[in-house]
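The sequence shown begins at 30 in the numbering used here and counts up by one.
Even for Gly, the Cβ is constructed at its ideal location relative to N, Cα and C.
All values reported here derive from a predicted model rather than from experimental measurement.
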Amino acid sequence: MLEQLHQIFLKSNGVNTDTRSIEKDQLFFALTGDNFDGNQYIEQALNNGAIHAISSDTKWSTNPKVTVVKNTLTTLQELATFHRNQLNIPIIALTGSNGKTTTKELILSVLANQFKVKGTKGNLNNHIGVPLTLLSFDSSLQIGIVELGANHPKEIAALCDIAQPNIGLITNYGKAHLEGFGSIEGVKNSKSELYNYLKETNGKVIVSKWDPEQIVRTVGMNQFFTPSNTSIHSNTPYIQFIAEGNLIKTQLTGVYNYHNALFAYTVGKLMEMQTEQIVSGIENYAPKNNRSQIIIKNKTKIILDAYNANPSSMKVALENLASQNYTNKIAILGDMFELGAYAAEEHQNIASLTQKLKINDVYLIGENFFKSEVKSAIQFEDLTNFLEKTDLNTDTEQVILIKGSRGMSLEKILESKTLKN
């Protein structure tokens, strides 16, 4: 059945799971969940031009344009793996608590200077996103990049079975998704499921020379290390670093992005690229989608990092803010999600950290930050409250960090009247 389905897929215009965006000749998978049933939209998908549909509803069994299966998600995953095995290309997989998407984009920027390469779109990195990523790869591709995300144990292992990577890297271990992983040790073990897969399949691992724990966890494997003869040349306004004698001027802020760039540099070396092509790939990459974006508004520099936040990424972002060469430094922080029983403690830790660093003004937004005990900060229960009561003049030389979990929607601050001219 998979071979027949794959033949239909090859004739299609790609895969879609959402009838609202279906395009002519796409293959529609009717996924189901607790609050939705894609089987209800099969007729709409076919009317909108879908070449074929995959359903788990037997009422469609007599329709030649519909294949009925037991579980549409499982079939999507199996088709993705089948397709991956038809592609004779290396797949690079990456995971980690912080920096996955930025590192992936840096790697894509580097490899694109020599190869036909494609990677995960946005952060489609879960049990649905990874199969969709693999099915977006075609026979013209030379290298595929797959980002693996998880918030519970065994999820990375399952994604590895689907994507079957040859090369992998873990950006870091941090305090992300503690609610699902249970502890920092749970985070480390779960992220390291990528290492376990590559060890079993004799794959290659790219390991940071700066991370002793990852070095130990990959002993006995095909290790490929980031270069040791590197150093930061400057971190304002953007990171500049020297790698193997080459000065690399990035468009990235924060020391944490230095390590992300080193991973991209190392991938280029592993793929035997010319150093000039690697350097230009890193230098030409500019962050977007609210991830460490630099925005200049009048005389104010804004570091917009509102896509995600956890205690580890919040800490390094605040340290980066404190290191900025500005007299006036402002932190606008939103709650960090998915911390479970650790929420109160970790929000208090960050609130306390803001008092120890050289930051002039601190605004804390959200239910958890509102409960934190802190002397020199202004606290708000929600974003609406902050926007109603806060005015910041951008016509003065200063730097503002805006950081919080995606659900806090802190990017709305830029669209509001809070930042006055």
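From the DSSP output, which residues share a beta bridge with residue i?
i: I379; result: In the DSSP output, where bridge partners are listed per residue, I379 has none listed.
i: D334; result: K432
i: K278; result: Q269
i: F392; result: It is Tyr, not Phe, that sits at residue 392 in the sequence shown. BP columns for Y392 point to I361, I407.
i: D420; result: None; D420 has no bridge partner.
i: I118; result: The partner list for I118 (beta bridge, DSSP) is empty, contrary to what the question assumes.
i: D66; result: T61
i: K449; result: N422
i: I261; result: F270
i: I83; result: F58, T96
i: V234; result: G197, Q252
i: N45; result: F57
i: Q427; result: T329
i: L123; result: E176, L198
Use the C-beta contact count for residue i: other C-beta atoms within 10 angstroms, 16 or more gives buried, fewer gives exposed.
i: P194; result: buried
i: T413; result: exposed
i: V248; result: exposed
i: N258; result: exposed
i: H181; result: exposed
i: K330; result: buried
i: F292; result: buried
i: D112; result: A small fix is needed here, since residue 112 is His in this sequence, not Asp. It is buried - the Cβ of H112 has at least 16 other Cβ atoms within 10 Å.
i: N93; result: The amino acid occupying residue 93 in the given sequence is Pro; Asn does not appear at that position. The residue is exposed, with fewer than 16 neighbouring Cβ atoms inside 10 Å.
i: F58; result: buried
i: E32; result: exposed
i: S212; result: exposed
i: R49; result: exposed
i: E52; result: exposed
i: S90; result: exposed
i: S219; result: buried
i: N114; result: exposed
i: S221; result: buried
i: K129; result: buried
i: N313; result: exposed
i: L188; result: buried
i: M437; result: buried
i: T103; result: exposed
i: E184; result: buried
i: G197; result: buried
i: V296; result: buried
i: N289; result: buried
i: S237; result: buried
i: Q243; result: buried
Between residue i and the rest of its own chain, which residues show a CB-CB distance below 7 Å, the 5 nearest in sequence each way excluded?
i: K133; result: L123, G148, T149, I174, E176
i: Q55; result: S41, N42, G43, V44, N45, A79, I80
i: K446; result: none
i: G369; result: L207, E208
i: A315; result: Q280
i: L382; result: K344, L347
Am I right that residue i and residue j are in contact with their C-beta atoms under 8 Å? What's the rounded C-beta distance?
i: L347; j: A360; result: 6 Å
i: I287; j: I268; result: Per the sequence presented here, residue 287 reads as Tyr, with Ile not at that position. With a Cβ gap of about 5 Å, Y287 and I268 count as contacting.
i: I311; j: V95; result: That pair is no contact at about 47 Å.
i: Q384; j: S405; result: 6 Å
i: K145; j: S165; result: The Cβ separation is near 13 Å, so there is no contact.
i: G283; j: V345; result: 6 Å
i: N327; j: D424; result: 5 Å
i: K233; j: F253; result: 6 Å
i: N419; j: N354; result: Correcting the residue identity first, residue 419 is Thr in this sequence and not Asn. That belief does not hold up - the Cβ atoms of T419 and N354 are roughly 25 Å apart, past 8 Å.
i: L108; j: H35; result: 6 Å
i: I199; j: L299; result: Wrong, their Cβ atoms sit about 15 Å apart, outside the cutoff.
i: T131; j: R320; result: 6 Å
Between which residues of its own chain and residue i is the CB-CB distance below 6 Å, once the five residues before and five after are set aside?
i: D240; result: none
i: L439; result: A335, G363, I431, G433
i: N357; result: N389, Q427
i: P256; result: A272, E273
i: L105; result: F58, P160
i: L416; result: S445, T447
i: A74; result: T48, I51, F57, A82
i: V308; result: N275, I277
Using a Cβ-Cβ cut-off of 8 Å (strictly less than) and excluding sequence neighbours within five positions of residue i, which residues of its own chain qualify?
i: M365; result: A338, N339, P340, M343, A372, E375, H376, I379, N397, G433, S434
i: V216; result: S126, Y202, G203, K204, A205, H206, L207, F210
i: L350; result: I332, K358, A360, L386, I388, V428, L430
i: F399; result: L393, Q408, F409, E410
i: D86; result: A59, N68, I71, V97
i: N231; result: N251
i: F38; result: V44, L56, L108, H112, L164
message: At 4 residues or longer, what runs of the alpha helix (DSSP H) sit wholly inside the segment 312 to 375?
response: Segments of the alpha helix (DSSP H) lying fully in the segment 312 to 375: 340 to 352.
query: Which whole runs of the beta strand (DSSP E) in the segment 133 to 208 are 3 residues long or more, in chain order?
result: Correct list: 146 to 148, 172 to 176, 196 to 199.
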